[in-house]
Each structure stands twice: as C-alpha cells, then as structure tokens.
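Respectively, the protein sequence lines represent chains A and B. The opening residue of the first sequence carries number 17 in the numbering used here; numbering runs sequentially from there. The opening residue of the second sequence carries number 2 in the numbering used here; numbering runs sequentially from there. Cβ atoms here follow ideal geometry from the backbone N, Cα and C, with glycine treated the same way. Since we're looking at a predicted model, the values are computed, not measured.
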Amino acid sequence: MKITETMFLGHKGKDSIKEIDERVIDLLTKNKKLTYAQIVNLLELENGDRDILVDVLSKMVFSGRIKKENVTTITPNGIGMTSKFYLD
Amino acid sequence: MGGVISMGKQIEDPMQILIKKLEEKRKTKIVMLTMDGTRSIDRYMVSQIYDMLIELEKEKEIENLDIIINSFGGDADAAFHISKILHNHCKGKLTFIVPRFAKSAATLMCCAGDSIIMDEPSELGPVDPQIIDPIKGERYSALSIKDTMLFLDKIEKECNKDNSECNNVIREVIKNIPLMEIGDNLRALNHISEYLEDLLKMRMFKEEIKSDKENAENYIKNIVLKLREGHYSHSRCIDFKSAQEMGLKIEKINKEDWDIIWDIFKVFEKEVLIK
C-alpha cells in the first residue's frame, strides 16, 4: 500500500489522502450507511484513488472514527462479500 | 458481524446466465467466492460455505467443482479450513479459477485444487504471514524478522573487528528485541508451510506422492519455500507464467471459456466494485 500511496501523492490533480478522508466523513454525515462501491461512486473516484479509499477506510475504522458493517450475499451461485460504512 | 442478505435481482440475472453457460460448457458446478478490498476471508465464511454446500447437495451430489475466487486474502486458518471442506464435498475435480486476484490466504486456498485456471490478468501472491501491530494497526511480514536477524548478524560481524563501542550498541539493540515476538513470527512461518504442504499433497500432487513420495515431497517443499519467502513484497504479483515456473499446476483454458469467465468478473466488478 505504501507504494500506491507514493504514486498517488505524486499524482497531480488528484485528491490527497486527507481530502478523501474529509470527503468520506462529509458523505457519511449526509447518508446513513454506504457500501464501499457506493462511496466510490458518490466520490467519483478514479482507479488509483479507489485503492487508496480501501486503505483510508480501514484506518478510519481502526481509529474508531467510522464504523464498519459486514455485508455478505449468499446465493446458490456463491458468496459475495462487501462492507457498509457509517458514522456512530 | 454484519448482515447476511440474499442476492438482489440486479446482480442475479446477467451473472446467473453466464454461470449457467459456463457450467454447461465445463460440466461443473460453479461457486463464486468474491469479495471487494474491504473484506477478507474470515472464520464466519467457514460455516457459510459449509451451509451452501449442504444446500447444493440436497439437489445433486457435487461431482466437478469450479471455484471462481476474487480475494486479497485474510485468515489463513479459515482459508485452510474452507479448502478442506471444499475438498471433502467435491467427488470429482476441484478447480480454482482466478480471473483477477487470489492473493495471500486466497493463494493458499487455490493450492487445494487439482489445478488453478489463470490467464493474463490473473494474479496470485506470496503467502508470508502478515502480523498486525495491535497499537498502530499497521501490517508487517513475519519474514521481516528473518531480515532483521540477518541485518544484526552482519553488524555483529563488523563489530567483531575490535570495535567495542559498536558492540555496546548491538547489545543495547538486542536487549530491546522482544524475543517472544521473534518466536511467534518464526512459528507463523512454519504454520503456513504446514498448511501449504498439506493442501498441495491433497490433490495437486496426489499422484506424484503415490508414485515417488520422496521426490514429490521435495518438489512440494520447494514450491512452499518460493511462495512463503521467495519475494520481497507481500503485494508481489505472481502471474500465470511465474506461478507455472514456480511448479504449481496452472491451466490455461480455451479462449471461449476464458471469455465467459472474464465476462463473469466484469459483471462482479461493475455491480460490486464500482457500482
């Protein structure tokens, strides 16, 4: 992840990690619970930034600033797993 | 632990059509184990997969089983356990299909198959255990401890060239090394090797074990060593060719079938990853 972060920070015209963090908080203030895909969509993140978002969300959950809920979808065709994020 | 929900209509239709088509062509039962970057293989998955297989067997005994996997890894104990359950319930050929990612513990899981289907975009990854720092939440490889010991050894040799000040520094450093953690990390590395060896003997190299046990065991140990500590980074991409060169049984299937697998992945990507 460190390599990606370096690439990301060196990328002109992109949001910084701090800005993504702030935008996630802003988004979750307006919405009750959002999945990872919904956050990507609403923040209109591009490819490199989507990888950063996983790391940013993980750190925000670890520090207790946001909460995470596991969402598992089970069908006869298999198991799909994602997460929902929300403010306490 | 969060909610378990049934699949919505939006993802069910295109995905099911493609899966059915592939099942008919390959004469297999296809099961998808897909997770985005926010989720990892965990202990809860063991009972979920067990329940799913029991349900499937109510209809029909599972002959050949294809697992389409997309995962960045997770709990190695759970991955090992899931692999054993899949093995027990599959009477015929067990194949892992990797359209894009099966990293870390998911790579370990793939080693339980008779073979692994990969193509150009597919990647496996090293299986060195990742230790989480409980304070910072940062991950580091259990392998790092080996590198640290080599580094200290090198410094100590330099210090032995009659440099007492340097020796004092070394003694101070060694005093602060948590010995129990070193032991734990080394045990974690052996723990992973044990799992990998068990899984590779189960199906992929079963025949080789029967015909020439000693050679086959050495061959497996060599693969395990490469997967465990053959790379400098846990995120290293092990593509189709590297996986084959490593000695794993990697299958490249006909273009028509691969195109269906890739379409399945694209639906997953569109609906789950970048909705």
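From the DSSP output, in three-state form, read off SER236 (chain B) for me.
As a position in the second sequence, residue 236 (chain B) is number 235, starting the count at 1. SER236 (chain B): coil per DSSP, three-state reduction.
Between the stretch 186–199 of chain B and the stretch 86–96 of chain B, do at least 3 Cβ pairs fall closer than 8 Å?
no
Find the nearest neighbour of TYR51 (chain B) within the set B:THR39, B:ALA80, B:ILE146, judged by alpha-carbon distance.
The count along the second sequence starts at 1 and reaches residue 51 (chain B) at position 50. Among B:THR39, B:ALA80, B:ILE146, the Cα nearest to that of TYR51 (chain B) is on B:ALA80.
Within 10 angstroms of its Cβ, does GLY184 (chain B) collect 16 or more other Cβ (buried), or is it exposed?
Numbered from 1 along the second sequence, position 183 holds the residue referred to as residue 184 (chain B). It is exposed - the Cβ of GLY184 (chain B) has fewer than 16 other Cβ atoms within 10 Å.
Does the CB of ILE31 (chain B) have a neighbour CB from chain A at under 8 Å?
Residue numbering aside, residue 31 (chain B) sits at position 30 when the second sequence is read from its first letter. Closer than 8 Å to some Cβ of chain A, the Cβ of ILE31 (chain B) qualifies, so yes.
Cβ of ILE132 (chain B) within 8 Å of Cβ of ASP76 (chain B)?
By one-based count along the second sequence, residue 132 (chain B) stands at place 131. By one-based count along the second sequence, residue 76 (chain B) stands at place 75. Going by C-beta atoms, ILE132 (chain B) is not nearer than 8 Å to ASP76 (chain B).
In terms of alpha-carbon separation, which member of A:THR51, A:GLY96, A:LEU69 lies closest to ARG39 (chain A)?
Here residue 39 (chain A) corresponds to residue number 23 of the first sequence, with the count starting at 1. When only C-alpha atoms are compared, the closest one is A:LEU69.
Nearest-angstrom Cα distance between LEU109 (chain B) and PRO130 (chain B)?
Mapped onto the second sequence, residue 109 (chain B) falls at position 108. Mapped onto the second sequence, residue 130 (chain B) falls at position 129. When rounded, the distance between both Cα atoms is 11 Å.
CA nearest to the CA of LYS104 (chain B), picked from B:ILE261, B:ARG237, B:ASP260
Numbered from 1 along the second sequence, position 103 holds the residue referred to as residue 104 (chain B). The shortest C-alpha separation from LYS104 (chain B) is found at B:ARG237.
Just reading off the alpha helix (DSSP H) that LEU153 (chain B) is part of, what are its end residues?
By one-based count along the second sequence, residue 153 (chain B) stands at place 152. Its alpha helix (DSSP H) spans residues 145–160.
Between MET205 (chain B) and ASP115 (chain B), which are expected to be in contact by the criterion C-beta below 8 Å, what is the C-beta distance as a whole number of angstroms?
Within the second sequence, numbered from 1, the residue matching residue 205 (chain B) stands at position 204. Within the second sequence, numbered from 1, the residue matching residue 115 (chain B) stands at position 114. That pair is a contact at about 6 Å.
Are the beta-carbon atoms of ASN117 (chain A) and MET16 (chain B) separated by less than 8 Å?
Residue coverage of chain A in this structure runs from 17 to 104, which leaves residue 117 (chain A) outside it and unanswerable.
Please confirm whether GLU56 (chain B) has its beta-carbon closer than 8 Å to some beta-carbon of chain A.
Locating residue 56 (chain B) in the second sequence gives position 55, counting from the first residue. Closer than 8 Å to some Cβ of chain A, the Cβ of GLU56 (chain B) qualifies, so yes.
Got a sec: is the Cβ-Cβ distance from ASN86 (chain A) to anything in chain B below 8 Å?
Along the first sequence, read from residue 1 onward, the residue named residue 86 (chain A) stands at position 70. Interface residue, yes.
As a quick exercise: from A:ASP65, A:GLU62, A:GLU35, A:PHE78, pick the residue whose alpha carbon is nearest that of PHE101 (chain A).
As a first step, residue 101 (chain A) must be located in the first sequence, where it is residue number 85. Measuring from the Cα of PHE101 (chain A), the nearest candidate turns out to be A:PHE78.
Listed by chain order, chain A residues near ARG39 (chain B) by CB distance under 7 Å
Taking the second sequence and counting its residues from 1, the one referred to as residue 39 (chain B) is at position 38. Looking at the sequence provided, one finds Thr at residue 39 (chain B) rather than Arg. Going along chain A in sequence order, the residues near THR39 (chain B) (Cβ under 7 Å) are TYR52, VAL70, LEU73, THR98, SER99.
Using DSSP with H/G/I as helix, E/B as strand and the rest coil, what is PRO15 (chain B)?
Translated into the one-based positions of the second sequence, residue 15 (chain B) becomes position 14. Note: PRO15 (chain B) maps to helix in three-state DSSP.
Give the interface partners of ILE95 (chain A) over in chain B, defined as CB-CB distance under 9 Å, in chain order.
The residue labelled residue 95 (chain A) in the question sits at position 79 within the first sequence. In chain order: VAL32, MET33, LEU34, THR35, MET36, MET46, GLN49, ILE50, MET53.
8 Å Cβ shell around GLN245 (chain B) - same chain, five flanking residues per side excluded
Indexing the second sequence from 1 puts residue 245 (chain B) at position 244. The answer, listed in chain order, is ILE251.
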